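Visitor: Below you will find the structure I want to go over with you.
Number of protein chains: 2
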Amino acid sequence: MNGAVVLTSGGLDSSVLLHQVVREYGAENVRALSFFYGQRHAIELECAEAQAEAAGVETHVVLDIGFMGALLAPGSTLLAAGDAVPDLKDLSEADLAQPPTYVPNRNMMLLSMAAAYAEAQGCSRVYYGAQAQDEYGYWDCTETFLERINGVLALNRKTPVQVLAPLVHHSKADNVRLGVELGIDFAQTWTCYRGLGNDTVAVSERRGCGTCPSCVERIQAFKAVGVTDPLDPARS
Amino acid sequence: MNGAVVLTSGGLDSSVLLHQVVREYGAENVRALSFFYGQRHAIELECAEAQAEAAGVETHVVLDIGFMGALLAPGSTLLAAGDAVPDLKDLSEADLAQPPTYVPNRNMMLLSMAAAYAEAQGCSRVYYGAQAQDEYGYWDCTETFLERINGVLALNRKTPVQVLAPLVHHSKADNVRLGVELGIDFAQTWTCYRGLGNDTVAVSERRGCGTCPSCVERIQAFKAVGVTDPLDPARS
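Line order of the protein sequences matches chains A and B. Mapped onto the numbering used here, the consecutive letters of the first sequence carry residue numbers 245 to 480. Mapped onto the numbering used here, the consecutive letters of the second sequence carry residue numbers 245 to 480.
Here is the structure:
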């Protein structure tokens, strides 16, 4: 068992992670894995593919688990069928502890599928891009969550797979910094929860909404680092 | 949060479990959940539906996660696309510790989806039918496995779901005995790993192969209890 599977959503954090893992393992030992689960911002998957290509990763698998949208999370706003995504300023304290964009048990499902894929492919490690700020809103982005997931997987008698989240102590700004160092094209990452609908939009024309919780966090991170975000809607 | 989701495969153990949970919760508070993951013995799903109906459970959801067949477990013999299922007598010691019918990380995937479904439906409990003999062959059927799964789910800040396997200390014979007590129609349960292909077979004509590991265990269980198994191929 060697090689690594990287959960690649096309977001900023996982894009940075993919390039970092490729630097460590070599592109030929890395597989990128994405999920389509009915998310509103399907443009992420285009970005995931662009990042895999940029990193030289030949195997990029997209699992269609779209049934989750209708069945498992009818109330989540992260799914296209749900309510509109609220602005960060409109969220209550309770919302911040578990935002309306929460999808029930999402990361346990995704990591268990990723671990199964890794095991089937003979890869001993799964990387995912949880970062420090996520844990305020999502119980399934914390270090304790990850330790317990690994506690389950460690029971596998033949081919235990380990899940690693090396960016878990990084702020979004740390990831922007690391991304600059790794030469990532940030125009080919997508963060905005509101998506761009079903339209095809040229990379140079893409902008986030600037006001959803995810955009606000991203904009602050780029400002902290002093780098221009190509997706910032305040850019001309 | 109240109510229960029962993982209902259409096999003997989960059929017994479904009826037992219905006796405890009342049929109106129980949802049956089945998965189609490309398994060879899809007749199980017909049995699951028949058992849900017999138990008076109105909500029976079948999730099609057939992508697992092609992607995650190309080598598993439990999937229609895999190799032929071997006889129990042909299995080595290593095979018994992890049979060729093993699907990578299967139960973690299924339980995480079931927990997500339960959470979305406002049910606080998921029941699944692991029983004592399973644990020799499958790392993901043990009590320790279950404890650790629950350790993950307990981190959920708003709506923790608990997974219960009340039959985990039961032998298959114990489940046959309990099934008799609950009045289960064993002709409407399916155990044989080899399935019946794609043919529709009348319930009264259905028989297991009698020699795969799963059939051998079932036949021994019915003999131990002194009850006739309607699916025993030795029956005329």
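Even glycine gets a Cβ: it sits at the ideal position worked out from N, Cα and C. Source: prediction; values computed, not measured.
Can the beta-carbon of I287(A) be found closer than 8 Å to that of W434(A)?
Guide: Closer than 8 Å, so yes.
Visitor: Go through its chain and collect everything with a Cβ distance to R479(B)'s Cβ below 8 Å, but skip five positions before and after it.
Guide: Contacts found: R451, T472 and D473.
Visitor: Going by CA-CA distance only, name the one from E297(A), E302(A) and S259(A) that's closest to E272(A).
Guide: It is E302(A) whose Cα lies nearest to the Cα of E272(A).
Visitor: With DSSP run on the structure shown, which of helix, strand or coil describes L322(B)?
Guide: With a pLDDT of 42 at L322(B), under the threshold of 50, the modelled position of that residue is not reliable, and the figure given next carries that caveat. DSSP places L322(B) in coil when its eight states are reduced to three.
Visitor: Do the segment 418-438 of chain B and the segment 382-389 of chain B touch if we need at least three Cβ pairs shorter than 8 Å?
Guide: They do not touch, by the three-pair rule.
Visitor: The beta strand (DSSP E) with V471(B) in it runs from where to where?
Guide: Unbroken run through V471(B): none, as it is neither H nor E.
Visitor: Taking the alpha-carbon of C453(B) as reference, which of A465(B), V274(B), Q406(B) and L475(B) has the nearest alpha-carbon?
Guide: Cα-wise, what sits closest to C453(B) is L475(B).
Visitor: L256(A): which of G427(A), P404(A), A359(A) and N351(A) sits nearest, CA to CA?
Guide: Checking every option, the nearest Cα to that of L256(A) belongs to G427(A).
Visitor: Please go through the same chain and pick out, in chain order, the residues whose beta-carbon is closer than 6 Å to the beta-carbon of I393(A), but skip the five residues on each side of it.
Guide: The answer, listed in chain order, is L355 and V407.
Visitor: Taking only beta carbons into account, state which residues of the segment 402-414 of chain B come closer than 7 Å to chain A, listed in chain order.
Guide: Residues K402.
Visitor: Using a cut-off of 8 Å between C-beta atoms, extract the partners of Q392(B) located in chain A.
Guide: Correcting the residue type first, residue 392(B) is Arg in the shown sequence and not Gln. Near R392(B) (Cβ distances below 8 Å), the residues of chain A are R392, G395, V396 and L399.
Visitor: Spell out whether any CB of chain B is found under 8 Å from the CB atom of D327(A).
Guide: Any reading at D327(A) needs caution, since the residue's pLDDT is 46, under 50, leaving its predicted position unreliable; the model's value is listed next. For D327(A), the answer is no, since every Cβ of chain B falls outside 8 Å of its Cβ.
Visitor: Grab me the residues of R369(B)'s own chain with a C-beta within less than 8 Å of its C-beta, minus the 5 sequence neighbours each way, in chain order.
Guide: So the qualifying residues of the chain are G247, A248, V249, A362, V405, Q406, V407 and L408.
Visitor: Got a sec? Which residues, its chain only, sit under 6 Å from S278(B) by beta carbon, not counting five neighbours each side?
Guide: The residues are T252, L289, A292 and V306.
Visitor: Tell me the rounded alpha-carbon separation between M357(B) and C367(B).
Guide: Computed Cα separation, rounded: 13 Å.
Visitor: Would you say N349(B) lies against chain D (beta-carbon separation less than 8 Å)?
Guide: Included in the structure are the protein chains A and B, with no chain D among them.
Visitor: In whole angstroms, what is the alpha-carbon distance linking Q295(A) and H263(A)?
Guide: Approximately 8 Å, taken between the alpha carbons.
Visitor: Apart from the five residues just before and just after V424(A), which ones in its own chain have a Cβ nearer than 8 Å to its Cβ?
Guide: Only V469 and V471 meet the Cβ criterion.
Visitor: Rounded to a whole number of angstroms, what is the C-alpha to C-alpha distance between G395(A) and G373(B)?
Guide: If you take the alpha carbons of G395(A) and G373(B), they lie about 22 Å apart.
Visitor: Starting from the N-terminal side, write out each stretch of the beta strand (DSSP E) that is 3 residues or longer and does not extend beyond the segment 391-467 of chain B.
Guide: Entirely contained in the segment 391-467 of chain B, the beta strand (DSSP E) runs reaching 3 residues are, in chain order, 406-408.
Visitor: How far does the alpha helix (DSSP H) with Y269(A) in it extend, from its first residue to its last?
Guide: Taken as a continuous stretch (DSSP letters only), the alpha helix (DSSP H) holding Y269(A) covers L256 to Y269.
Visitor: Could you tell me which chain B residues have their CB closer than 8 Å to the CB of T435(A), listed as they occur along the chain?
Guide: Ordered by position in chain B, no residue passes the 8 Å Cβ test against T435(A), which lies about 24 Å from the chain.
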